[in-house]
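Shown next, in structure tokens, is the structure this report addresses.
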Amino acid sequence: MIPAMTLRAFDPSALRDAVAALSAGSLVAFPTETVYGLGADAISDVAVAKIFAAKGRPQNNPLIVHVADLAMAEAYATFPETALILAARFWPGPMTLVLPCRPNAPLAPAVTAGLATVALRMPQHDIAQHLVRAFGRGIAAPSANRTGHVSATTAAHVANDLAPHIALVLDGGASPLGLESTILAVHANNNATLLRSGHITAANVKAVLSDTAASLIDTSPDTTDTPSAPGQFASHYAPNAAVRLNATTITPGDAVLAFGALDAMRGLETAQRIVNLSATGNLAEAAQQLFASLRLLDQDRPATIAVAPIPDHGIGRAINDRLRRAAAPRSPHAATKPRV
Ligand code: TXA
Ligand code: MG
């Protein structure tokens with residue numbers, strides 16, 4: 573377990589220690605409105621290398637740089653007009669913009685993995701905002717889980733996955749949204765491409781762009797095995813158990829991830845355990861509960877987690893994206909050792 577000293581409730585002294593740890597090149601985990609991030613000083617080669625080592629992350633998978641405001645963001649990237657419009661509408665919030673990287677951006681090269689673009693996000697969560705503002709420059713932060721595993725939405729999840737590697741975890745309770753940010757690449761010609769679905773949906777983005785000449789290229793990355801973002805591997809977000817989707821009949825011993833009314837599922841009485849993502853069928857609640865529920869069901873070490881059908885509209889699309897990756901055949905990076 574993580575030494576008690578390093579798991580800290582947020583207060584001015586924890587903030588000071590977090591800034592000092594980042595400045596010293598150590599890793600600090602912090603809550604955002606989406607999931608917890610594993611943060612490092614984005615300009616430091618040594619600090620950023622610790623992120624890749626801690627997560628077991630392939631070097632070709634770039635990181636998101638978290639910023640406090642637009643001025644900070646503009647030190648790293650140029651903003652096509654569409655990006656300014658999207659930032660004005662959705663920042664701070666659960667949206668990451670992949671933009672042309674400035675040639676001499678103050679970033680460790682590993683952050684962008686050698687790409688000509690950089691991913692930027694201005695988080696809305698109070699603790700994340702305070703941290704980036706107090707640090708005064710960009711914090712590179714992927715989700716605070718081991719690569720391939722389920723993302724972390726509580727400080728305890730972070731500790732379970734990464735405790736030995738982290739100087740300090742700022743505990744902000746459960747992440748309020750529960751799914752990673754929507755990722756949009758904005759091109760020099762002002763069109764945008766959806767790289768990862770999230771709370772901000774394609775429809776939300778299209779509504780904002782409808783007043784402009786720009787269009788959203790929605791290549792449905794959620795349904796392809798070809799990664800359009802380098803990290804969008806088919807297998808991801810994986811618990812130890814196998815995952816069976818759209819389950820309406822339960823096999824004895826299954827752990828069950830339910831959604832809405834239970835009467836559509838047969839054989840529930842033979843389930844090892846049942847967790848309902850949202851008894852009322854609310855997709856936002858289901859998104860918030862998804863990763864914690866997968867981790868909880870996995871604790872009993874079931875052979876299979878059977879997942880009820882989830883409607884594929886609105887936030888449901890992002891939920892189904894994560895679930896498809898949880899169910900995909902495990903790639904070598906995703907399943908090297910048992911995870912608890
Ligand atoms: O909500 C979130 O986005 C969380 C919180 C902590 O901010 N972060 C997060 O980071 O989900 P991560 O590393 O788990 O996922 C970021 C994704 C990866 O798939 C990565 O490949 C992609 O963003 N990415 C980063 N830079 C990119 C770039 N320049 N071009 C395309 N994709 C990029
Ligand atoms: Mg991740």
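Residue numbers (this note's numbering): 573 to 912. Every residue gets a Cβ at the ideal spot worked out from N, C-alpha and C, and that includes glycine. Values in this document were obtained by computation on a predicted structure and should not be read as measured data.
Under 9 Å, do residue i and residue j count as touching if we go by C-beta distance?
i      : j      : result
Leu766 : Thr791 : yes
Val722 : Leu866 : yes
Thr604 : Leu740 : no
Leu544 : Leu756 : Because the chain is modelled from 573 through 912, residue 544 falls outside the range shown and cannot be assessed.
Val591 : Leu703 : yes
Asn812 : Phe662 : no
Arg816 : Ala899 : yes
Leu834 : Val847 : no
Roughly how many angstroms lie between the CA atoms of residue i and residue j, to the nearest whole one?
i      : j      : result
Lys909 : Ala779 : Because Lys909 sits at a pLDDT of 36, beneath the cut-off of 50, its placement in the model cannot be relied upon, and the following sentence gives the value as read from the coordinates. Straight-line Cα distance between these residues: approximately 44 Å.
Ala875 : Ala625 : 29 Å
Leu594 : Gly710 : 11 Å
Ala728 : Gly720 : 18 Å
Met644 : Ile615 : 13 Å
Pro672 : Ala680 : 16 Å
Pro675 : Ala785 : 28 Å
Gly886 : Ala647 : 33 Å
Ala691 : Lys627 : 19 Å
Ser753 : Ala712 : 15 Å
Ala827 : Ala586 : 38 Å
Ser807 : Ser769 : 16 Å
Tyr809 : Ile623 : 18 Å
Thr798 : Val637 : Low confidence applies here, because Thr798 scores a pLDDT of 48, under 50, leaving its location unreliable and the question unanswered by this model.
Asp698 : Ala774 : 26 Å
Val639 : Arg705 : 8 Å
Gly825 : Arg873 : 10 Å
Let me confirm a value: residue i is counted as buried when at least 16 other C-beta atoms fall within 10 Å, else exposed. Which label applies?
i      : result
Ile934 : Past the boundaries of the shown model lies residue 934; the chain is included only from 573 to 912, so the question cannot be answered.
Asp743 : buried
Thr795 : The pLDDT assigned to Thr795 is 46, lower than 50, so where the model puts this residue is not dependable; a value taken from the coordinates is nonetheless given after this. By the neighbour-count rule (16 or more Cβ atoms within 10 Å), Thr795 is not buried but exposed.
Leu855 : buried
Arg889 : buried
Asn632 : exposed
Asp733 : buried
Thr668 : buried
Asn761 : exposed
Pro652 : buried
Gln871 : exposed
If I measure Cβ to Cβ from residue i and keep anything under 6 Å in the same chain, skipping five residues before and after, which residues do I get?
i      : result
Pro748 : Glu605
Asn892 : Ile882, Asp884
Ala677 : Tyr648
Can a CB atom of chain C be found closer than 9 Å to the CB of residue i?
i      : result
Gly628 : No chain C appears in this structure, which consists of one protein chain only.
Just to confirm my understanding: we take residue i, look at its own chain, exclude 5 residues before and 5 after, and list those with CB closer than 8 Å. What are they?
i      : result
Pro664 : Met694, Pro695, Gln696, Gln701
Asn956 : For residue 956 there is no data in the structure shown, the boundaries of the chain being 573 and 912.
Ile822 : Val828, Met837, Arg838, Gly839, Leu840, Thr842, Ala843, Ala878
Here's a check: name, in chain order, each residue in its chain whose Cβ is nearer than 7 Å to the Cβ of residue i, leaving out the five neighbours to either side.
i      : result
Ala814 : Ala875, Thr876
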